[in-house]
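As structure tokens, the structure follows; a few thoughts come after it.
Protein chains: 2
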Amino acid sequence: MPELRKDSVTGRWVIISTDRSKRPGDFIRERVVAKGGGFCPFCPGNESKTPPEILAYRPNDKAVHNGEGWNLRVVANKFPALGIEGDLGRQADGMFDKMNGIGAHEVVIETPNHMETLATMPLKRIEDVLWAFRDRILDLKQDRRFKYIMVFKNHGEAAGASLEHPHSQLIALPIVPRRVREEVDNCWHYYDEKERCIFCDIIRQERDTGERVIGENEHFISIAPYASRFPFEMWLLPKVHGSSYENNQSSIYSSLARMLKDTLMRLDVVLDRPAYNFMIHTSPVGEEINDHYHWHIEVIPKLTKVAGFEWGTGFYINPTPPEEAARFLREARLSEFVLTEKK
Amino acid sequence: MPELRKDSVTGRWVIISTDRSKRPGDFIRERVVAKGGGFCPFCPGNESKTPPEILAYRPNDKAVHNGEGWNLRVVANKFPALGIEGDLGRQADGMFDKMNGIGAHEVVIETPNHMETLATMPLKRIEDVLWAFRDRILDLKQDRRFKYIMVFKNHGEAAGASLEHPHSQLIALPIVPRRVREEVDNCWHYYDEKERCIFCDIIRQERDTGERVIGENEHFISIAPYASRFPFEMWLLPKVHGSSYENNQSSIYSSLARMLKDTLMRLDVVLDRPAYNFMIHTSPVGEEINDHYHWHIEVIPKLTKVAGFEWGTGFYINPTPPEEAARFLREARLSEFVLTEKK
Numbered sequence: 008m009p010e011l012r013k014d015s016v017t018g019r020w021v022i023i024s025t026d027r028s029k030r031p032g033d034f035i036r037e038r039v040v041a042k043g044g045g046f047c048p049f050c051p052g053n054e055s056k057t058p059p060e061i062l063a064y065r066p067n068d069k070a071v072h073n074g075e076g077w078n079l080r081v082v083a084n085k086f087p088a089l090g091i092e093g094d095l096g097r098q099a100d101g102m103f104d105k106m107n108g109i110g111a112h113e114v115v116i117e118t119p120n121h122m123e124t125l126a127t128m129p130l131k132r133i134e135d136v137l138w139a140f141r142d143r144i145l146d147l148k149q150d151r152r153f154k155y156i157m158v159f160k161n162h163g164e165a166a167g168a169s170l171e172h173p174h175s176q177l178i179a180l181p182i183v184p185r186r187v188r189e190e191v192d193n194c195w196h197y198y199d200e201k202e203r204c205i206f207c208d209i210i211r212q213e214r215d216t217g218e219r220v221i222g223e224n225e226h227f228i229s230i231a232p233y234a235s236r237f238p239f240e241m242w243l244l245p246k247v248h249g250s251s252y253e254n255n256q257s258s259i260y261s262s263l264a265r266m267l268k269d270t271l272m273r274l275d276v277v278l279d280r281p282a283y284n285f286m287i288h289t290s291p292v293g294e295e296i297n298d299h300y301h302w303h304i305e306v307i308p309k310l311t312k313v314a315g316f317e318w319g320t321g322f323y324i325n326p327t328p329p330e331e332a333a334r335f336l337r338e339a340r341l342s343e344f345v346l347t348e349k350k
Numbered sequence: 008m009p010e011l012r013k014d015s016v017t018g019r020w021v022i023i024s025t026d027r028s029k030r031p032g033d034f035i036r037e038r039v040v041a042k043g044g045g046f047c048p049f050c051p052g053n054e055s056k057t058p059p060e061i062l063a064y065r066p067n068d069k070a071v072h073n074g075e076g077w078n079l080r081v082v083a084n085k086f087p088a089l090g091i092e093g094d095l096g097r098q099a100d101g102m103f104d105k106m107n108g109i110g111a112h113e114v115v116i117e118t119p120n121h122m123e124t125l126a127t128m129p130l131k132r133i134e135d136v137l138w139a140f141r142d143r144i145l146d147l148k149q150d151r152r153f154k155y156i157m158v159f160k161n162h163g164e165a166a167g168a169s170l171e172h173p174h175s176q177l178i179a180l181p182i183v184p185r186r187v188r189e190e191v192d193n194c195w196h197y198y199d200e201k202e203r204c205i206f207c208d209i210i211r212q213e214r215d216t217g218e219r220v221i222g223e224n225e226h227f228i229s230i231a232p233y234a235s236r237f238p239f240e241m242w243l244l245p246k247v248h249g250s251s252y253e254n255n256q257s258s259i260y261s262s263l264a265r266m267l268k269d270t271l272m273r274l275d276v277v278l279d280r281p282a283y284n285f286m287i288h289t290s291p292v293g294e295e296i297n298d299h300y301h302w303h304i305e306v307i308p309k310l311t312k313v314a315g316f317e318w319g320t321g322f323y324i325n326p327t328p329p330e331e332a333a334r335f336l337r338e339a340r341l342s343e344f345v346l347t348e349k350k
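Chains A and B, in that order, are what the protein sequence lines are. Per the numbering used here, residue 8 is the first one in the first sequence, and the count goes up by one each step. Per the numbering used here, residue 8 is the first one in the second sequence, and the count goes up by one each step.
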């Protein structure tokens, strides 16, 4: 008998197939392995092919702005979804509502090495990526037009990446997206009723039962969420309550780098390098410090197709129970991954 | 400058790229053309390979139940997302909520001809498909456990179809999906404020401006919605207010058959037979007759990938303004389609 489970944070229901549950080998997909070879605007030496640097980390102080010698660069997206110049121009269009597409759309080039991934990069360099997210969020928040800053990564063509070179993206939006607003509001209602953060409660329960826990380090826990929409969906949560990604002590980012690398390595081992998306869920601009919202990262491997039923209902059908996904991920032999990588 | 547009029905915001808008030829995709050849459980002669018939239309009265000679068959899905037997067993799971996955999952085998599509089938047979949807909805509604019945079609592998033979699906759910509830409630709020149906207002405005109208016949209008999530998204709306798909006079279904065929032919001509999903949006069980909700069909061609940004925010980035999509679809030369099909 399949199960209907409710995500306690969003109120979304999910159908979990328990009878004929799909194991990692049952999903047909392409391995995401960089081919390299062609021209890449994100590779060192091609700095002039991207818009100018907004931020760069260079180990050598003598290195030149917009030149080589960087470990990480942030540039404007050459084909931005939103434009940075102008005002919002809110207006009616007959009975409809519109505004100018004002916002920022930036690309974090995570490494000069075209062939690396966040699973294979050295920890210190993953930490750099996390610091770049923080630095850019703090800077973008100074623009009073922006109400939400979304950090996300599309890894692999199937997950929407159009360039192979490791990169992630930031989009600053002039309105708080409805899905974010709903999640934050639901957390507020829970807090209002119980004087507890719902994510803190989830962490407590998941640590008690253990069956959906994937990994844990001093500051973070990774779980397969109870009402996972997608097979092998994972959430990375700070164990101590914090409401925004960008307001944390530095020890948090080094701990997150380890947790992120660990999680993505497990994903690569269990599912043989699948395409995936991850998104940072953090509080909206101006609501950074609160007791009800708990920032976190959601990782969704691209294994199934979203089809008519999902579009029509907002319901998801997940063929792999999160308890099984967590077991596979928890028991992944990371030593194998390291060996394969060294070949 | 891109535009942010709000969907007045759902409140969802969409980013419409206006600068570098994508034309039909800019989308990379595979044509959906049936190959045939292999074993197909939905082809005539293989009736025993599916679960038994729930409904069948046979022109010849002497034809045998579960035998050949049918124009259309409805069978239970062999791999159902939900189980039909049992009670809901609502229960808590620690702080979480779950229930048994009770529901119905049926497949409408639209034609005995493996190589046909809803765009190429004769009108009378498309009408049969629409009647089958109606007949099954009316029957499933008698089961008091079901609160919503979703009719949808996945056409082509990219849109989630696992079998090539033309078919659509029905899923009966024990709860009203949140996305449906929100849409119906928003319509109720609009009605409560204005004493008018929001969709009736949309139809009036779209007919006035004409720029997003694709086609029209005596009972239906097809439009590219103002805040289309996807390039070439289309809505088919009855011009006279009606709140549920299954409660209509027979002239409506023949008119809808013509509108659906016309719409899908235009899609095939303009985008060279893309994969698509369609979903019938109708009132929940027990709320069939009302003044605020206006049933309709949404058609979404599968041209872009939903990636991290969309998953994180619920915002969509649509690279083709609906005014341009509507123009391409309106001006499609259907005569070319008919000629190609005859070859």
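Quick reminder that beta carbons are idealized off the backbone N, C-alpha and C, glycines included. Note that this is a predicted model, so its numbers are computed, not measured.
Chain B contact residues for A:G315, given Cβ-Cβ distances below 8 Å: Within 8 Å Cβ-Cβ: F159, K160, N161, A166, G167, Q176, N284, F285, M286.
Taking DSSP's pairing of strands, which residues face A:D100 in a bridge? A:F103.
Would the beta-carbon of B:P232 fall within 7 Å of that of B:L95? The answer is no: Cβ separation not under 7 Å.
Compare the C-beta of B:K350 against all C-beta atoms of chain A and say whether one is closer than 7 Å. Any reading at B:K350 is ruled out, since the residue's pLDDT is 45, under 50, leaving its predicted position unreliable.
Within the 7 Å Cβ cut-off, does A:S15 reach chain B? For A:S15, the answer is yes, since a Cβ of chain B falls inside 7 Å of its Cβ.
At least 3 beta-carbon pairs within less than 8 Å: the region 283–303 of chain B vs the region 186–200 of chain B: Contact between the region 283–303 of chain B and the region 186–200 of chain B is present, because at least three Cβ pairs lie under 8 Å.
Note down, in chain order, every chain A residue with its Cβ under 8 Å from the Cβ of B:E330. Under the 8 Å cutoff, chain A gives no residues; its nearest Cβ is about 11 Å from B:E330.
In chain A, which residues lie less than 7 Å from B:R273 when you measure between Cβ atoms? By Cβ distance, chain A contributes nothing, its closest Cβ being about 19 Å from B:R273, past 7 Å.
My output table needs one value for A:F344: the three-state DSSP class, helix, strand or coil. DSSP places A:F344 in helix when its eight states are reduced to three.
Where A:F316 and A:D33 are concerned, what is the direct C-alpha to C-alpha distance, given to the nearest angstrom? When only Cα atoms are considered, A:F316 and A:D33 end up about 21 Å apart.
From B:H112, B:H162, B:N120, B:Y197, residue whose alpha carbon lies closest to that of B:Y155: Measuring from the Cα of B:Y155, the nearest candidate turns out to be B:H112.
Below 7 Å on C-beta distance, what does A:L137 contact in chain B? Here the premise fails: no neighbours, minimum Cβ distance about 16 Å.
Excluding the 5 residues flanking B:L62 on each side, which residues of the same chain have their C-beta closer than 7 Å to its C-beta? Excluding sequence neighbours, B:L62 sits near V81, A139, D142, R143.
Count the other CB atoms, across all protein chains shown, that sit within 10 Å of the CB of B:S24; report buried if there are 16 or more and exposed otherwise. Buried, because 16 or more other Cβ atoms sit within 10 Å of the Cβ of B:S24.
Any beta carbon from chain A within less than 7 Å of B:D192's own beta carbon? At a cut-off of 7 Å between C-beta atoms, B:D192 does not count as an interface residue with respect to chain A.
Would you mind sorting A:L89 into buried or exposed? The rule is 16 or more other CB atoms within 10 Å of its CB. It is buried - the Cβ of A:L89 has at least 16 other Cβ atoms within 10 Å.
DSSP state of B:M128 mapped onto helix, strand, coil: Looking at B:M128 - three-state DSSP - the assignment turns out to be coil, as it is neither helix nor strand.
Contact defined as beta carbons within less than 8 Å: I believe B:L274 pairs with B:P308. What is the distance between those atoms, to the nearest angstrom? Right, their Cβ atoms sit about 6 Å apart.
In the DSSP output, what is A:I156 paired with across the bridge? DSSP lists A:A179 as the bridge partner or partners of A:I156.
Rounded separation between B:E200 and B:D208 - CA only: The straight-line gap from Cα to Cα measures roughly 13 Å.
In DSSP terms, what A:N161 is bridged to: In DSSP, A:N161 forms a bridge with A:N284.
Would you mind telling me which residues of chain A sit closer than 7 Å to B:T320, beta carbon to beta carbon, in chain order? Near B:T320 (Cβ distances below 7 Å), the residues of chain A are M157, P184, R186, V187.
Per-residue contacts from B:G293 into chain C (C-beta, under 8 Å): The structure shown has no chain C; the protein chains it does contain are A and B.
Quick check on DSSP: helix, strand or coil for A:R219? The answer is coil: DSSP assigns A:R219 none of H, G, I, E or B.
Proximity test, Cβ basis, 7 Å: B:Y233 and chain A: At a cut-off of 7 Å between beta carbons, B:Y233 contacts chain A.
At the level of alpha carbons, what is the spacing between A:G222 and B:A234? Separation of A:G222 and B:A234 (C-alpha to C-alpha, rounded to the nearest whole angstrom) is 41 Å.
Return the first residue and the last residue of the beta strand (DSSP E) that A:V81 is part of. In the DSSP assignment, A:V81 falls within the unbroken beta strand (DSSP E) covering 79–83.
For B:M122 and B:F46, the rounded distance between their alpha carbons: When only Cα atoms are considered, B:F46 and B:M122 end up about 13 Å apart.
Please state whether DSSP places B:H196 in a helix, a strand or coil. When secondary structure is reduced to three states using DSSP, B:H196 falls in the helix class.
Environment of A:H162 [buried if 16+ CB atoms lie within 10 Å]: A:H162 comes out buried.
For A:N103 and chain B, any beta-carbon pair shorter than 7 Å? Per the sequence shown, residue 103 of chain A should be read as Phe rather than Asn. With 7 Å as the cut-off, A:F103 counts as an interface residue toward chain B.
For A:S369, count neighbouring C-beta atoms within 10 Å of its own C-beta (all shown protein chains included) and say buried if the count is 16 or more, exposed if not. Because chain A in this structure spans residues 8 to 350, residue 369 of chain A falls outside the shown range and cannot be described.
Check the Cβ of B:A88 against every Cβ in chain A and list those closer than 8 Å, keeping chain order. Correct list: P9, I22, S24, F316, I324.
So which residues of chain B does A:N84 contact, with C-beta pairs closer than 7 Å? At a C-beta separation below 7 Å, A:N84 has no neighbours in chain B, since its nearest C-beta there lies roughly 11 Å away.
Pick helix, strand or coil for A:R30, following the three-state DSSP scheme. Coil, per DSSP.
Output the boundary residues of the alpha helix (DSSP H) element that contains A:L11. First-last for A:L11: 10–13, but that is the beta strand (DSSP E), not the alpha helix (DSSP H).
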